[in-house]
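A short worksheet on the structure shown next.
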Amino acid sequence: MYLVRLIYVSKIANGFGADDIEHILDTARTKNKADNITGLLCFGSDIFLQCLEGSRAKVNAAYHRILNDSRHEDIVMLDYQEIIEREFSEWSMGYVPESSLTAPLNLKYSGNNVFDPYKMTGESTQRLLIELKSTIPTIGD
Ligand SMILES: Cc1cc2nc3c(=O)[nH]c(=O)nc-3n(C[C@H](O)[C@H](O)[C@H](O)COP(=O)(O)O)c2cc1C
Numbered sequence: 000m001y002l003v004r005l006i007y008v009s010k011i012a013n014g015f016g017a018d019d020i021e022h023i024l025d026t027a028r029t030k031n032k033a034d035n036i037t038g039l040l041c042f043g044s045d046i047f048l049q050c051l052e053g054s055r056a057k058v059n060a061a062y063h064r065i066l067n068d069s070r071h072e073d074i075v076m077l078d079y080q081e082i083i084e085r086e087f088s089e090w091s092m093g094y095v096p097e098s099s100l101t102a103p104l105n106l107k108y109s110g111n112n113v114f115d116p117y118k119m120t121g122e123s124t125q126r127l128l129i130e131l132k133s134t135i136p137t138i139g140d
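Letter 71 of the sequence shown, counting from 1, is numbered 70 in numbering that gives the first Met the number 0, and no numbers are missing.
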C-alpha cells in the first residue's frame with residue numbers, strides 16, 4: 000500500500016453554517032480512523048486547506064467523497080505525492096482554526112499576509128501545514 004499525501008483548497012458553499020465544521024470534523028475523524036488516514040484541516044476566510052495522508056487507495060477514495068460534498072466548492076488540488084513517511088500521524092484530522100493562521104505565517108509562505116491558499120504553491124502549503132503542527136493539541140483527536 001503506497002503512502003501518499005494530498006493537499007487541496009476549497010471554499011464554503013452558500014448556506015454553510017457554524018455547526019457544519021463540527022459535523023465535518025466528526026465524520027472525517029471517524030472515517031479517517033477506520034481508513035488509517037491522517038491529516039490537518041485549516042479553516043480561515045471561508046476557505047478550507049486540507050491535507051490527507053495514507054494509503055493511495057484510501058486517500059483517493061476520501062478525496063472523491065470530499066469532491067462530491069455540496070458543503071464546499073471551487074475545490075482545487077494543490078499537491079499530490081508519494082511520501083516516505085507521514086507528517087501528521089498524530090491526527091486523524093487535526094483542526095487549525097482561523098486564529099492560528101496569523102499574518103506573519105501567511106506572509107512567510109505567500110505573497111501577502113492574508114490566508115489564501117489559492118495563491119500558494121503546493122509546496123508552500125505543505126510547509127505552512129508542517130509549521131502549524133506545533134499549534135494544535137494531539138489529545139482529543
Ligand atoms: C472541508 C471538508 C473536509 C472533509 N474531510 C473529510 C475527511 O478527512 N475524511 C472523510 O472521510 N470525509 C471528509 N469530509 C466529508 C466527506 O465529504 C463525506 O461527507 C464523508 O466522507 C461521508 O461520505 P459518504 O456520505 O459518501 O459516506 C469532508 C468534507 C468537507 C466539506
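Ideal Cβ placement from N, Cα and C applies to all residues, glycine included.
### Task
Look up residue 37 in the DSSP assignment and say whether it is helix, strand or coil.
strand
### ligand 1 heavy atom lying under 6 Å from the CB of residue 76
no
### Query
Where does residue 5 sit, in a helix, a strand or coil, going by DSSP?
strand
### Query
residue 134 to residue 96, Cα distance in whole Å?
10 Å
### Task
Could you name the residues of the same chain whose beta carbon sits closer than 8 Å to that of residue 82, not counting the 5 residues immediately before and after it, in chain order?
2, 3, 4 and 52
### Query
Do residue 36 and residue 124 have their C-beta atoms closer together than 7 Å?
no
### Query
Going by beta carbon distance, what residues of the same chain come within less than 7 Å of residue 108, once the five residues before and after it are set aside?
119, 123, 126 and 127
### Query
Beta carbon of residue 73: closer than 6 Å to some heavy atom of ligand 1?
no
### Task
For residue 58, name the three-state secondary structure that DSSP assigns.
helix
### Task
Please say whether residue 8 and residue 117 have beta carbons closer to each other than 7 Å?
yes
### Task
Report the rounded CA-to-CA distance for residue 129 versus residue 54, giving the unit in angstroms.
20 Å
### Query
Considering residue 117, what are the terminal residues of the alpha helix (DSSP H) in which it resides?
Element bounds for residue 117: n/a, residue is neither H nor E.
### Query
Smallest Cα separation from residue 57: which of 33, 42 and 49?
33
### Message
According to DSSP, simplified to helix, strand and coil, what is residue 74?
### Response
strand
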